[in-house]
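Working notes, beginning with the structure itself.
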Amino acid sequence: MNIYVGNLSSNVTEESIRKAFESFGQVTSSKIIKDKYTGDSRGFAFVEMPVQAQAQEAVRSLNGKELLGQPISVNEARPRNDQGRANRY
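For the sequence shown, position 71 matches number 70 in numbering that gives the first Met the number 0, and the numbering has no gaps at all.
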């Protein structure tokens, strides 16, 4: 299951995200999304967990919890929809 993690502090690392989610089960990847020009965090990340039940428990348990002093938003990632960016008319 692909999980969206938002409202991240600029001090959060991929390792700290991974550790938070590993307490619920196996994590196959964690990726902080960064600005392509500055390299700074855009304030959100994606975590991939292969076991659906563990991923759902992580979402329920971590949503609204603090990670490095800031409450995070955690939910199942929705598929990206690129439509509408270029064709707004």
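Ideal Cβ placement from N, Cα and C applies to all residues, glycine included.
Please read these numbers as outputs of a predicted model, since none were measured by experiment.
Thinking C-alpha only, which one of the options is nearest residue i?
i     : options                    : result
ALA57 : TYR36, PHE43, LYS18, ASN6  : LYS18
PRO49 : ASN80, GLU75, GLN69        : GLU75
SER22 : GLN53, LYS35, ASN6, ARG77  : GLN53
GLN25 : LYS35, TYR36, GLN55, PRO70 : GLN55
For residue i, which residues of its own chain have a beta-carbon under 6 Å away from its beta-carbon, when the five flanking residues on both sides are left out?
i     : result
VAL73 : VAL4, VAL58, LEU61, ASN62
GLU47 : ASN1, THR27, SER28
ILE31 : GLU13, SER40, ALA44
GLN69 : SER8
Excluding the 5 residues preceding and the 5 following residue i in the sequence, name in chain order all residues of the same chain whose CB lies nearer than 8 Å to its CB.
i     : result
LEU67 : SER8, ASN10, VAL11, SER15
GLN51 : MET0
PHE20 : ILE2, VAL26, SER29, VAL46, MET48, ALA57, LEU61
ARG77 : TYR3
Since residue i sits in a beta bridge, which residues does DSSP pair it with?
i     : result
SER72 : GLY5
LEU66 : GLN69
What I want to know is whether the C-beta of residue i ends up closer than 7 Å to one or more non-hydrogen atoms of the ligand GTP.
i    : result
MET0 : Inclusion of the ligand GTP in the displayed structure is not the case, the ligand content being empty and no account of it being possible.
Using C-beta distances below 7 Å, list every residue in its chain close to residue i, excluding the 5 sequence neighbours before and after it, in chain order.
i     : result
LYS33 : ASP39, SER40, ARG41
(Q) To test your reading of the DSSP string, which unbroken beta strand (DSSP E) runs of 3 or more residues are found completely within the region 19 to 64? (A) When DSSP assignments are scanned along the region 19 to 64, the uninterrupted stretches of beta strand (DSSP E) that are 3 or more residues long and fall wholly within it turn out to be 28 to 33, 40 to 47.
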